[in-house]
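Heads up, the thing below is written out as structure tokens.
There are 4 protein chains.
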Amino acid sequence: MSSTDSATLQHCARQIADAGRALGALGWTPATSSNFSMRLDAEHAAVTISGRDKGNLGIDDIMVVDLAGRAVGTSARPSAETALHTQIYRRFPQAGAVLHTHSRAQSVASRLFAPRGVVRFEHWELQKAIAGYTTHDSVLEVPVFANTQDMSELVRDVDAWLDAGKALHAYLIDGHGIYTWGRDMPEARRHLEALQFLLECELDLIKLRGQQP
Amino acid sequence: MSSTDSATLQHCARQIADAGRALGALGWTPATSSNFSMRLDAEHAAVTISGRDKGNLGIDDIMVVDLAGRAVGTSARPSAETALHTQIYRRFPQAGAVLHTHSRAQSVASRLFAPRGVVRFEHWELQKAIAGYTTHDSVLEVPVFANTQDMSELVRDVDAWLDAGKALHAYLIDGHGIYTWGRDMPEARRHLEALQFLLECELDLIKLRGQQP
Amino acid sequence: MSSTDSATLQHCARQIADAGRALGALGWTPATSSNFSMRLDAEHAAVTISGRDKGNLGIDDIMVVDLAGRAVGTSARPSAETALHTQIYRRFPQAGAVLHTHSRAQSVASRLFAPRGVVRFEHWELQKAIAGYTTHDSVLEVPVFANTQDMSELVRDVDAWLDAGKALHAYLIDGHGIYTWGRDMPEARRHLEALQFLLECELDLIKLRGQQP
Amino acid sequence: MSSTDSATLQHCARQIADAGRALGALGWTPATSSNFSMRLDAEHAAVTISGRDKGNLGIDDIMVVDLAGRAVGTSARPSAETALHTQIYRRFPQAGAVLHTHSRAQSVASRLFAPRGVVRFEHWELQKAIAGYTTHDSVLEVPVFANTQDMSELVRDVDAWLDAGKALHAYLIDGHGIYTWGRDMPEARRHLEALQFLLECELDLIKLRGQQP
């Protein structure tokens, strides 16, 4: 990784650790689940090492991978789901940070909406927190993909969605959690915060109205 | 803004920043939504600058506007919804502080009660936390207006409600959040805290009783 | 109040302020509601002064009353509901502390169970946290009295319940909150914590089972 | 207890106190309920003393028992439910720590699932947080035993389940709480955190789907 200097890595690792601490405190990373990454340059990303406590990350818990997901300059093992992070960097040249969390609302909504395959948000002012949305009078679709321990199946699902020309700002995995991203870490965190809020609101409305999706 | 001295502005900006920090910590200002203001004098108000993180405001995130919503002594852009704040100062000469937040209960209740156009509170002791209410044996009505990105439509809705001679202590915007106010910042915060509590209680009762409004 | 020394008052005031801070942080004292007291001797109690912020009490926010609820040695006005506190000290010679709070679960449960007039707890291990209960295989009844701004009506309701020979460890007021007490402040707080837990559990079971009480 | 040195006891007591503080802060140990233990050696365990505040444990709140549950080297009385802890150490030679807590979700789920006798988890990614589970495509069963103040009945229920050859990673007691364990304290805490998350998710799905178990 000759092209990436160590200062960039340090800077990204610190932003990842800060995000992990904040998201862990919210209870969105239970029991060592979740993983986070940032793009370092056109060919590399910094990603959390497998199995570490995501709510208490240090610089040493972050490693470098190339965009094929291979470890660079270390014998550490990246998070099992690294392939999903590097796919985002390959498919979205603008993406600078990817967050995968596992809150209760994310897990429950993924189960509830899995039969339909998508969560559809409409009429919420907070849709404007997603880059490119300027009005509540819009539709935001978040697909729900089937869970699998084989990451290549999920990579295919994401590719198929994108290849069909559909907009993608985040996706849920059934019984599991969410992936979202942004141009930089603040935008990725704003997207995650907004999606969590919108999922909680939708679940609340279903409880109140007594109608399933 | 010759008539407003800088000490008053500093004092108001500090109260606004304190309110933002407290309300942000409660999760009521997700993803840079929400805005807050205080009256400076008969013709001016201090209001949050557009797009700032409302949970972490400094003195520099507050600006002065006249009661038509025009920036005074600065090139900063006030919050998009400034017109709703200045309307309150024009229509309620006693109003000293206006708070707009965006909690989950506020957003969800606004969607649920939008078809009816109003949330009606009765039989709650905490209605006494609203200025002028001295008994639970009263009715507190909070209208729900349709959401729009055109503030002049909301200004018309509020004017129409007031011009019909109806009491107004707060209003919801569908899919969005709440506006409330008070003589000073402590009263505005007490009103907001009480309304959030009452909305959460009403939503809970609907879940328990299984009856929609 | 010649018979009560100032050290006892200080000691009680500190326990009341500590309880207020802890209960306020839990959100059980919204918008200056709630009030707390401790017995000073056979004829006097220390009680919170009307209108103070119950989550941020100082020694100066506590005053002395006799058991008829009259201010002693001060021109301050005791909490409006002081008569309910002094009634407990008169009727329960062992009672050393009385807590009145106003959590969401307390308010909502009071509304839901008001038509039945009582919340009946059975089969919960935590019933053992109430003094005198040694098994989950028992019945704990908490009456729900109608709300009124006239304290003498509530005093009559409590007297009528006790005069009928029924056990009383706490009561709810419709749309309002709970009163409970104990031999000393730690026991009163344990009772309140257990009752809040039990009310939340009962409400959750109703939501899950879809059956109203 | 000649075979256990004091350093081991100190080390375990500190881990127990840390766990109690963390679990108490989450509200999972209401009103002095709950108890915790760690294995000291093949014949002894450290366990919380009866009646202490589990959210604020010190070294002096922990005592030594043999695996028959008898106090060793102290006249203190161990938690009433010590027999359930020592049973785990006898039946699971690998078990190093046992946690019993009493969260609202644990209490409510135990009531709801008691008629069926078991909570069955399927399709959740977080099942992988339980030792031995490597895929969401598995079944995790947690039995619900009837509550009783006679610990020997619960010991019989646990023995009967194990003697039937069924896997056991945790169990609920009706109207009461959960027991779970692990090779060491971090694993026991990870199991507890995952089970709490899974119970909350199952309860949420039932509320959303309106179908009882």
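Taken in order, these protein sequences are the chains called A, B, C and D. Each residue of the first sequence is one higher than the one before, counting from 1 in this note's numbering. Each residue of the second sequence is one higher than the one before, counting from 1001 in this note's numbering. Each residue of the third sequence is one higher than the one before, counting from 2001 in this note's numbering. Each residue of the fourth sequence is one higher than the one before, counting from 3001 in this note's numbering. Ideal Cβ placement from N, Cα and C applies to all residues, glycine included.
**Request:** Within 10 angstroms of the Cβ of C/D2061, are there 16 or more other Cβ atoms? Answer buried if so, exposed if not.
**Result:** Working through the third sequence from its first residue, we reach residue 2061 of chain C at position 61. Burial call: buried.
**Message:** Is it buried or exposed, D/S3034, if we count other Cβ atoms within 10 angstroms and call 16 or more buried?
**Reply:** Walking along the fourth sequence from the start, residue 3034 of chain D turns up at place 34. With 16 or more other Cβ atoms within 10 Å, it is buried.
**Message:** Based on DSSP bridge pairs, tell me the residues matched to C/M2038.
**Reply:** Position 38 of the third sequence holds residue 2038 of chain C. DSSP, once it has assigned bridges, lists C/A2046, C/A2097 as partnering C/M2038.
**Request:** Give the DSSP-derived three-state secondary structure of A/A80 in the structure shown.
**Result:** What you label residue 80 of chain A is simply residue 80 of the first sequence in a count that begins at 1. Coil.
**Asked** By the criterion of Cβ-Cβ separation under 8 Å, what are the contact partners of C/C2201 in chain D?
**Response** By one-based count along the third sequence, residue 2201 of chain C stands at place 201. Going along chain D in sequence order, the residues near C/C2201 (Cβ under 8 Å) are R3104, S3107, V3108, R3111.
**Asked** Just by C-beta distance, which residues in the region 3130-3145 of chain D are closer than 8 Å to chain C?
**Response** none
**Message:** One question on the structure: do B/W1124 and C/S2107 come within less than 8 Å of each other, judged by their Cβ atoms?
**Reply:** One-based indexing of the second sequence puts residue 1124 of chain B at position 124. One-based indexing of the third sequence puts residue 2107 of chain C at position 107. Yes, they are a contact pair.
**Prompt:** Is the Cβ of C/K2166 closer than 8 Å to any Cβ of chain B?
**Reply:** Indexing the third sequence from 1 puts residue 2166 of chain C at position 166. Not closer than 8 Å to any Cβ of chain B, the Cβ of C/K2166 fails to qualify, so no.
**Asked** Name the chain D residues that come within less than 9 Å of A/G210, Cβ to Cβ?
**Response** One-based indexing of the first sequence puts residue 210 of chain A at position 210. Per Cβ cutoff of 9 Å: G3210.
**Request:** Using a threshold of 8 Å, state whether the C-beta atoms of C/D2215 and C/R2111 are closer than that.
**Result:** The structure shown does not extend to residue 2215 of chain C, since chain C is modelled only from 2001 through 2213, so no value can be given for it.
**Item:** Cβ of D/E3081 within 8 Å of any chain A Cβ
**Value:** Taking the first residue of the fourth sequence as position 1, residue 3081 of chain D is located at position 81. Taking Cβ atoms only, chain A never reaches closer than 8 Å to D/E3081, which makes this a no.
**Request:** Check whether the Cβ of C/G2117 lies closer than 8 Å to any Cβ atom in chain B.
**Result:** By one-based count along the third sequence, residue 2117 of chain C stands at place 117. So no, C/G2117 is outside the interface.
**Prompt:** In terms of alpha-carbon separation, which member of D/A3068, D/D3184, D/Q3010 lies closest to D/A3080?
**Reply:** The sequence position of residue 3080 of chain D within the fourth sequence is 80, counting from 1. When each option's Cα is compared against that of D/A3080, the closest is D/A3068.
**Prompt:** Would a C-beta distance cut-off of 8 Å place C/V2144 and C/A2114 closer than the cut-off?
**Reply:** For the purposes of this step, residue 2144 of chain C is taken as residue 144 along the third sequence, with counting starting at 1. For the purposes of this step, residue 2114 of chain C is taken as residue 114 along the third sequence, with counting starting at 1. Yes, Cβ-Cβ distance for C/V2144 and C/A2114 is below 8 Å.
**Prompt:** Going by DSSP, what residues sit across from A/P143 in a beta bridge?
**Reply:** Position 143 of the first sequence, counted from the start, is the residue given in the question as residue 143 of chain A. In DSSP, A/P143 forms a bridge with A/V118.
**Request:** Just tell me which of A/T180, A/Q196, A/L9, A/E193 has its CA closest to the CA of A/A95.
**Result:** By 1-based counting over the first sequence, the position of residue 95 of chain A is 95. Nearest of A/T180, A/Q196, A/L9, A/E193 to A/A95, Cα basis: A/T180.
**For B/R1183, the nearest candidate out of B/L1099, B/K1166, B/E1202 (CA to CA)** = In the second sequence, residue 1183 of chain B corresponds to position 183, counting from 1. Comparing Cα-Cα distances from B/R1183 to each of B/L1099, B/K1166, B/E1202, the minimum goes to B/L1099.
**Item:** DSSP-derived helix/strand/coil call for D/L3067
**Value:** Locating residue 3067 of chain D in the fourth sequence gives position 67, counting from the first residue. Note: D/L3067 maps to coil in three-state DSSP.
**Asked** What does a CB cutoff of less than 8 Å around A/G20 pick up in its chain, not counting 5 residues either side in sequence?
**Response** As a working note, residue 20 of chain A is residue 20 in the first sequence. Correct list, in chain order: T29, S34, F36, T48, K54, G55, N56, L57.
**Item:** Chain-ordered residues of the region 25-54 of chain A with a beta carbon less than 9 Å from chain D
**Value:** G27, P30, A31, T32, S33
**Message:** Is there a Cβ of chain B sitting closer than 8 Å to that of C/G2175, yes or no?
**Reply:** Numbered from its first residue, the third sequence carries residue 2175 of chain C at position 175. Cβ-Cβ to chain B under 8 Å: yes for C/G2175.
**Request:** Could you tell me which residues DSSP puts in a beta bridge with B/L1172?
**Result:** Stepping through the second sequence from its first residue, residue 1172 of chain B is reached at position 172. Partner(s): B/V1144, B/I1178.
**Asked** So is A/Q149 buried or exposed if we call it buried at 16+ other beta carbons inside 10 Å?
**Response** As a working note, residue 149 of chain A is residue 149 in the first sequence. Classification of A/Q149: exposed, given that the 10 Å Cβ count is below 16.
**Request:** Measure the Cβ-Cβ separation of B/A1046 and B/V1155 and say whether it is below 8 Å.
**Result:** One-based indexing of the second sequence puts residue 1046 of chain B at position 46. One-based indexing of the second sequence puts residue 1155 of chain B at position 155. Cβ atoms of B/A1046 and B/V1155: not closer than 8 Å.
**Request:** Note down the Cα distance separating B/Q1127 from A/C12, rounded to an integer number of angstroms.
**Result:** By one-based count along the second sequence, residue 1127 of chain B stands at place 127. By one-based count along the first sequence, residue 12 of chain A stands at place 12. Straight-line Cα distance between these residues: approximately 49 Å.
**Asked** Which of helix, strand or coil does DSSP assign to A/I88?
**Response** By one-based count along the first sequence, residue 88 of chain A stands at place 88. Looking at A/I88 - three-state DSSP - the assignment turns out to be helix.
**Distance between beta carbons of C/A2170 and C/V2142, contact taken as under 8 Å** = The sequence position of residue 2142 of chain C within the third sequence is 142, counting from 1. The sequence position of residue 2170 of chain C within the third sequence is 170, counting from 1. The pair is a contact, with the Cβ atoms about 5 Å apart (cut-off 8 Å).
**Message:** I'd like to know whether the C-beta atoms of D/A3131 and D/E3187 end up nearer to each other than 8 Å.
**Reply:** For the purposes of this step, residue 3131 of chain D is taken as the residue at position 131 of the fourth sequence. For the purposes of this step, residue 3187 of chain D is taken as the residue at position 187 of the fourth sequence. For D/A3131 and D/E3187, yes; Cβs fall inside 8 Å.
**Request:** Report, in whole angstroms, the separation of the C-beta atoms of A/A109 and A/V119, which I expect to be a contact under 8 Å.
**Result:** By one-based count along the first sequence, residue 109 of chain A stands at place 109. By one-based count along the first sequence, residue 119 of chain A stands at place 119. With 8 Å as the limit, A/A109 and A/V119 qualify as a contact, their Cβ atoms being about 6 Å apart.
**Item:** Sequence-distant residues of the same chain with beta carbon closer than 6 Å to B/N1147, five excluded per side
**Value:** Position 147 of the second sequence, counting from 1, holds the residue named residue 1147 of chain B. The answer, listed in chain order, is I1173, D1174, G1175, H1176.
**Message:** Which of the three DSSP states is assigned to A/S3 in this structure?
**Reply:** Counting from 1 along the first sequence, the entry for residue 3 of chain A is found at position 3. Summary for A/S3: the model assigns pLDDT 49, below 50, so the residue's position carries little reliability; its value from the coordinates is reported in the next sentence. In the structure shown, A/S3 sits in coil (DSSP, three-state: anything other than H, G, I, E or B).
**Asked** When you compare only the Cα positions, how much space is there between D/R2949 and D/Q3196?
**Response** The requested residue 2949 of chain D does not occur in the structure, where chain D is confined to residues 3001 to 3213.
**Asked** What's the C-alpha gap between D/A3129 and A/T32?
**Response** As a working note, residue 3129 of chain D is residue 129 in the fourth sequence. As a working note, residue 32 of chain A is residue 32 in the first sequence. Going from the Cα of D/A3129 to the Cα of A/T32 covers about 8 Å.
**Prompt:** Would you call the CB atoms of C/T2008 and C/L2040 closer than 8 Å?
**Reply:** As a position in the third sequence, residue 2008 of chain C is number 8, starting the count at 1. As a position in the third sequence, residue 2040 of chain C is number 40, starting the count at 1. The answer is yes: Cβ separation under 8 Å.
**Prompt:** Can you list the residues of chain A that D/R3021 reaches, using a CB-CB cut of under 9 Å?
**Reply:** Locating residue 3021 of chain D in the fourth sequence gives position 21, counting from the first residue. Residues of chain A passing the Cβ test: none, with the nearest at roughly 16 Å.
**Asked** What residue does the alpha helix (DSSP H) around B/W1161 start on, and which one ends it?
**Response** Mapped onto the second sequence, residue 1161 of chain B falls at position 161. Run containing B/W1161: 1151-1163, per the alpha helix (DSSP H) assignment.
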